[in-house]
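Read through the structure below, which is laid out as C-alpha cells, and then see the notes.
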Amino acid sequence: MSKSDETADVLSVRQDAREPWLVISSAAGVRAIPLPRQPRIVIGRMHTCDIVIEDESVSREHAAIHSGNGLTVEDLGSRNKTKVMGRALSRGETSPLAVGSVVEIGYATMFIQVGRPPGARDSQPGLPGAHPFAQAPAPVILDPTMQRLYALLDVIAPSPLNVVILGETGTGKEVFAEAIHNGSRRAGRPLLRINCAALSGSLLESELFGHEKGAFTGALGAKAGLFEAGDGGTVFLDEVGELPLDTQAKLLRVIERGEVIRLGSVQPKRVDVRYVAATNRDLQQQIAENRFRADLFFRLNGFSVTLPPLRKRRKEIVPLARYFLDRAAQGRPYLLTREAEGALEGYPWPGNVRELKNVVERAIVLAGPPARIDPFHLHLPGDARMPADMVDFMSPNDTIPPTPYGGAPMPGAYPPPMGSAPHLPYAHTGPPAPPHMMGHPMGPTPGFGIPAVQPAHGGAPDLRAQRESWERQQILGALERTSGNQKEAAKLLGISRRTLINKIEAYGIARPRKR
C-alpha cells in the first residue's frame with residue numbers, strides 16, 4: 001500500500017495480509033460476507049449478483065465494488081442511489097472505499113472491515129458467503145469513534161495491562177470487556193464477571209476473595225472466590241465505583257501482591273488475573289470526594305476507554321435495531337417500517353443499546369404474529385404522540401416523564417391516529433414490502449397485532465373496543481412468550497406487574513401458571 005493510500009486508509013486487497021469482509025445491514029438483518037477475490041463484485045437484488053441483498057429498495061443491479069490498487073464502489077444506475085458517507089454517486093461514478101466508510105444502497109447500509117468479524121459463524125446452507133453474527137463483541141460498528149476504539153482494542157487486548165471502561169449504563173461496557181478477553185492471550189482461560197453494586201458487606205467479599213468454613217454465619221463450607229476461580233484468566237469488575245472503601249483496600253492488596261486471602265484464613269494464595277473494570281461513575285470526582293481510592297484507580301487504570309452513548313452514534317441505531325430484530329424474531333418475517341426506523345433514530349436512548357434491545361424485543365410481542373413493526377409497536381417511553389387510544393395501556397404510575405433532550409418532533413414518528421382512510425386508525429406510508437411480506441394487508445389486521453374493528457352502526461370506529469381488544473392481544477402474547485411469568489410479561493409490555501394483574505382481571509384472562 002502506498003503512503004498516500006495509507007493516509008487515505010484505503011484498503012488494498014492484495015497487499016493487506018488480513019482478509020476484507022463486507023458487513024451488510026438491511027431489513028433482513030446484519031450479516032458479514034468475506035469479500036470475493038475478483039476484480040468486479042456486483043451487488044443487487046437479482047440472484048445472479050455476486051452479493052444479493054433482498055430488499056425492495058435495492059435495484060436489480062445496484063452497485064459494484066472494484067478491486068485493484070484499492071477498493072472503489074460504483075453506482076450502476078440504481079433507482080435509490082448509492083451513497084458513500086452521505087454523498088450520492090451518479091450513474092457510473094466511482095468513489096474510493098475506505099475501511100469503515102458507510103455505503104448506503106437503498107435502505108441497506110454496508111461497510112468494509114479488515115479481518116473476520118468476531119463472532120461470525122461459518123456459512124449456513126441457503127446463504128452462500130453470508131456469516132450471521134453470533135455473540136460478537138460488537139454486531140454493528142459504524143460510528144467513527146467506535147471504530148477507533150475497536151481498532152485500539154486490537155492493541156490493548158494482547159497486552160497485560162488492566163483496563164477501565166467508562167460510559168453510561170447500557171453502552172456495551174461488558175461486551176467491550178468480553179472483546180478484550182477474547183483478543184488476549186488469556187482467551188482460553190476463564191472470564192468471570194461480578195456486579196459490585198449487586199452485593200454488599202461480607203457477601204461481596206466472600207464472592208471476591210472466597211471464605212473458609214465458619215468464617216461468618218452461614219459459611220457451612222469453604223469456597224473459592226472469584227479471583228481464585230479466575231486464575232489465569234480475566235476478572236470483569238462491573239460497577240467498580242460502587243465498591244465500599246474497605247473492600248477497595250482489600251482489592252488493592254490482591255492486585256499489588258498477586259495473592260488473595262480468603263475470609264477466615266491467614267494463608268495467602270497466589271493468583272494470576274487480569275482486571276477489567278467498568279463504571280458509569282466519574283471516578284476522578286469520586287476520588288476528590290474520598291469515595292474511591294486513588295491508588296486503586298491507578299492500579300486498575302493501565303488503560304482507559306470511554307464508550308460514547310447511543311445518541312451520539314446515530315448511524316448505528318437502525319442497523320443495531322435490525323440486528324436485534326433478526327435475533328429475537330428467530331427466522332419469523334418481521335420488518336421495521338421506515339416510520340419506525342425514523343422514530344428509533346429520533347429517540348435519545350437514555351438507556352442506550354440495552355434499552356434499544358428491549359424496545360425491539362417488546363415490539364415483536366406488540367406486533368403479534370409475523371408482521372411489520374410500526375412506530376406505535378415500539379412503545380417508546382415519554383413520547384407525547386403515543387396514539388390517544390393506546391395511551392391508557394400505561395397507568396399513570398408507569399408513564400415515564402418526557403425526556404430532557406427536547407420536545408422537537410422526531411422524524412418519522414407516530415402518524416396521526418385518524419388518516420384519510422377512516423376505517424384504518426394507522427395508515428402505513430413506508431417502503432414496499434419485501435417479497436415474503438407481499439399480499440399482507442397494509443392496515444391493522446389481526447395478523448399485525450391490532451384487530452380490524454369495523455365502524456359501529458356504520459359510523460366511526462369504536463376506539464374503546466379497539467383499544468381493549470388490542471391490549472388484550474398484547475397481554476396474551478406477552479404471557480405466551482414469557483411462559484406465564486407475569487413479572488417478565490409486564491417488563492416486556494412496559495407496565496408494572498400490578499397494572500398487568502389489574503388488566504388480566506379486567507379482561508377476564510385466565511390467571512396463567514408458570515410453565
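In this note's numbering, the protein residues as written are 1 to 515.
Backbone N, C-alpha and C define an ideal beta-carbon position, used for all residues, glycine too.
Checklist line | Exposed unless 16 or more other CB atoms sit within 10 angstroms - verdict on residue 510 | finding: As a position in the sequence shown, residue 510 is number 510, starting the count at 1. Classification of residue 510: exposed, given that the 10 Å Cβ count is below 16.
Note to self: Whether or not the region 234-243 and the region 271-289 are in contact is what I'm after, with contact meaning three or more pairs of Cβ atoms, one per stretch, closer than 8 Å; do they touch?
What the structure shows: Yes: at least three Cβ pairs fall under 8 Å.
Margin query: Can you tell me whether residue 292 is helix, strand or coil according to DSSP?
Written below: Numbered from 1 along the sequence shown, position 292 holds the residue referred to as residue 292. Coil, per DSSP.
Next item on the list: Please report the residue range of the alpha helix (DSSP H) in which residue 154 lies.
Entry: Working through the sequence shown from its first residue, we reach residue 154 at position 154. Taken as a continuous stretch (DSSP letters only), the alpha helix (DSSP H) holding residue 154 covers 144-156.
Next item on the list: Taking only runs that begin and end inside the region 157-215, name each unbroken beta strand (DSSP E) of 3 or more residues, in chain order.
Entry: 163-166 and 191-195
Check: For the putative contact between residue 318 and residue 279, defined by C-beta atoms under 8 Å, what is the C-beta separation to the nearest angstrom?
Finding: For the purposes of this step, residue 318 is identified with residue 318 of the sequence shown, where counting begins at 1. For the purposes of this step, residue 279 is identified with residue 279 of the sequence shown, where counting begins at 1. The pair is not a contact, with the Cβ atoms about 29 Å apart (cut-off 8 Å).
Checklist line | Reduced DSSP category for residue 489 - H, G, I as helix; E, B as strand; rest coil | finding: Position 489 of the sequence shown, counted from the first residue, corresponds to residue 489. DSSP places residue 489 in helix when its eight states are reduced to three.
Check: What residues in its chain sit with their C-beta under 7 Å from that of residue 105, if we drop five residues either side in the sequence?
Finding: Sequence index remark: in the sequence shown, residue 105 carries index 105 (1-based). Once the five neighbours on either side are set aside, the close Cβ partners of residue 105 are 43, 53, 58, 62, 63 and 82.
Check: Pairing CB atoms from the region 289-306 with CB atoms from the region 329-344, are three or more of them under 8 Å?
Finding: With the cut-off at 8 Å, the region 289-306 and the region 329-344 do not touch.
Check: Which residue's Cα is closest to the Cα of residue 375: 56, 19 and 345?
Finding: The count along the sequence shown starts at 1 and reaches residue 375 at position 375. If we check each option's Cα against that of residue 375, 345 comes out closest.
Check: Thinking C-beta only, is residue 472 closer than 8 Å to residue 507?
Finding: Within the sequence shown, the letter at position 507 stands for residue 507. Within the sequence shown, the letter at position 472 stands for residue 472. Against a cut-off of 8 Å, the Cβ pair of residue 472 and residue 507 comes out as a contact.
Check: When the distance is taken between beta carbons, is residue 97 closer than 8 Å to residue 75?
Finding: Taking the sequence shown and counting its residues from 1, one reaches residue 75 at position 75. Taking the sequence shown and counting its residues from 1, one reaches residue 97 at position 97. No, the Cβ-Cβ distance between residue 75 and residue 97 is not below 8 Å.
Notebook entry, point to check: Considering only C-alpha positions, which residue in the set 188, 207, 189 and 288 is nearest to residue 196?
Noted result: Here residue 196 refers to the residue found at position 196 of the sequence shown. The candidate whose alpha carbon is nearest that of residue 196 is 207.
Checklist line | Secondary structure of residue 21, DSSP reduced to three states | finding: Looking up residue 21 in the sequence shown gives position 21. In this structure, residue 21 counts as strand in the three-state DSSP scheme.
Checklist line | Where the alpha helix (DSSP H) containing residue 245 begins and where it ends | finding: Sequence index remark: in the sequence shown, residue 245 carries index 245 (1-based). Run containing residue 245: 245-257, per the alpha helix (DSSP H) assignment.
Next item on the list: Under the assumption that residue 209 contacts residue 227 (Cβ atoms under 8 Å), give the Cβ distance between them as a whole number of angstroms.
Entry: In the sequence shown, counting from the first residue as 1, residue 209 sits at position 209. In the sequence shown, counting from the first residue as 1, residue 227 sits at position 227. With a Cβ gap of about 7 Å, residue 209 and residue 227 count as contacting.
Next item on the list: Could you tell me which residues DSSP puts in a beta bridge with residue 64?
Entry: Reading the sequence shown from its first residue, position 64 is the one you call residue 64. Bridge partners of residue 64: 42 and 74.
Item checked: Nearest-angstrom Cα separation, counted from residue 168 out to residue 355 -> Looking up residue 355 in the sequence shown gives position 355. Looking up residue 168 in the sequence shown gives position 168. Approximately 12 Å between the Cα atoms of the pair.
Check: Is it true that the region 161-175 meets the region 308-315, where meeting means three or more beta-carbon pairs spaced less than 8 Å apart?
Finding: yes
Notebook entry, point to check: Taking the continuous beta strand (DSSP E) assigned at residue 81, which residues delimit it?
Noted result: Translated into the one-based positions of the sequence shown, residue 81 becomes position 81. Looking at the DSSP string, residue 81 is not in any beta strand (DSSP E), and its letter there is neither H nor E.
Note to self: What does the alpha-carbon distance come out to for the pair residue 218 and residue 212?
What the structure shows: One-based indexing of the sequence shown puts residue 218 at position 218. One-based indexing of the sequence shown puts residue 212 at position 212. Residue 218 and residue 212 have their C-alpha atoms some 11 Å from each other.
Notebook entry, point to check: Thinking C-beta only, is residue 336 closer than 8 Å to residue 373?
Noted result: As a first step, residue 373 must be located in the sequence shown, where it is residue number 373. As a first step, residue 336 must be located in the sequence shown, where it is residue number 336. Yes. Within cutoff.
Check: Roughly how many angstroms separate the alpha carbons of residue 148 and residue 174, rounded to a whole number?
Finding: Within the sequence shown, residue 148 is the residue found at index 148, counting from 1. Within the sequence shown, residue 174 is the residue found at index 174, counting from 1. Counting only the Cα atoms, residue 174 lies some 18 Å from residue 148.
Checklist line | Residues that DSSP places opposite residue 336 in a beta bridge | finding: Locating residue 336 in the sequence shown gives position 336, where the first residue counts as 1. The partner list for residue 336 (beta bridge, DSSP) reads 373.
Margin query: Using only CA atoms, which one of 381, 366, 484 and 485 lies nearest to residue 470?
Written below: Translated into positions along the sequence shown, residue 470 becomes position 470. Out of 381, 366, 484 and 485, 366 has the C-alpha closest to the C-alpha of residue 470.
Margin query: Helix, strand or coil, according to DSSP, for residue 262 in the structure here?
Written below: Taking the sequence shown and counting its residues from 1, the one referred to as residue 262 is at position 262. If DSSP states are grouped into helix, strand and coil, residue 262 belongs with coil.
Checklist line | Simplified DSSP state of residue 48, which is helix, strand or coil | finding: For this step, residue 48 is matched to residue 48 along the sequence shown. Coil.
Next item on the list: Would you mind working out which of 142, 181 and 19 sits nearest residue 314, comparing C-alpha positions?
Entry: Here residue 314 refers to the residue found at position 314 when the sequence shown is read from its first residue. Ranking the options by Cα distance to residue 314, first place goes to 142.
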